[in-house]
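No gaps in the numbering here: position 74 of the sequence shown is 118 in this note's numbering, and each next residue is one more. For every residue, glycine included, the Cβ atom is placed at its ideal position computed from N, Cα and C. These numbers come from a predicted model, not from an experiment. Structure record follows, encoded as C-alpha cells.
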Amino acid sequence: MTIYLSPNQSTTRNLMTIDEVLESDNAIGGEALLQLDTVLELLEAFQNRYPHTFQHLCTEAIATGEMSLGDSIAALAWATHYLAQ
Numbered sequence: 045m046t047i048y049l050s051p052n053q054s055t056t057r058n059l060m061t062i063d064e065v066l067e068s069d070n071a072i073g074g075e076a077l078l079q080l081d082t083v084l085e086l087l088e089a090f091q092n093r094y095p096h097t098f099q100h101l102c103t104e105a106i107a108t109g110e111m112s113l114g115d116s117i118a119a120l121a122w123a124t125h126y127l128a129q
C-alpha cells in the first residue's frame with residue numbers, strides 16, 4: 045500500500061510505502077500499532093460504557109454529513125489490522 049502526502053507537504057505528489065512513512069516519523073510498525081490499538085480500545089470502552097451517548101453522537105454526526113465515532117472505530121480497526129500485517 046502507498047500513502048499520499050498532502051499537497052502542503054511537497055510540491056509534487058509523492059508515493060511512500062508504510063515503512064517509509066514510519067521511518068520518516070522515526071517510528072516502527074509495532075509502536076504505531078500499539079498506539080492505534082490503545083486509541084481503539086479507549087473508543088470501544090467509551091461505546092460500551094455509554095452506549096446511548098455513543099449512539100446519539102453517531103446519529104447527530106451522520107445527520108450533519110460528518111463522520112461519526114462509529115466511522116472512527118472502523119477506521120482505527122482497519123489501520124490496526126493494516127499495521128499488524
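The residues Leu80, in chain order, have a CB closer than 8 Å to that of Ala123 in the same chain once the five nearest residues on each side in sequence are set aside. Within the same chain, Phe90, Gln91, Leu113 come within 7 Å of Phe98 by CB-CB distance, once the 5 residues on both sides are set aside. Under the three-state reduction of DSSP output, Gly74 falls in the helix class. The continuous stretches of alpha helix (DSSP H) do not include Tyr94, and DSSP gives it neither H nor E.
If you draw a straight line from the Cα of Val83 to the Cα of Leu66, it is about 18 Å long.
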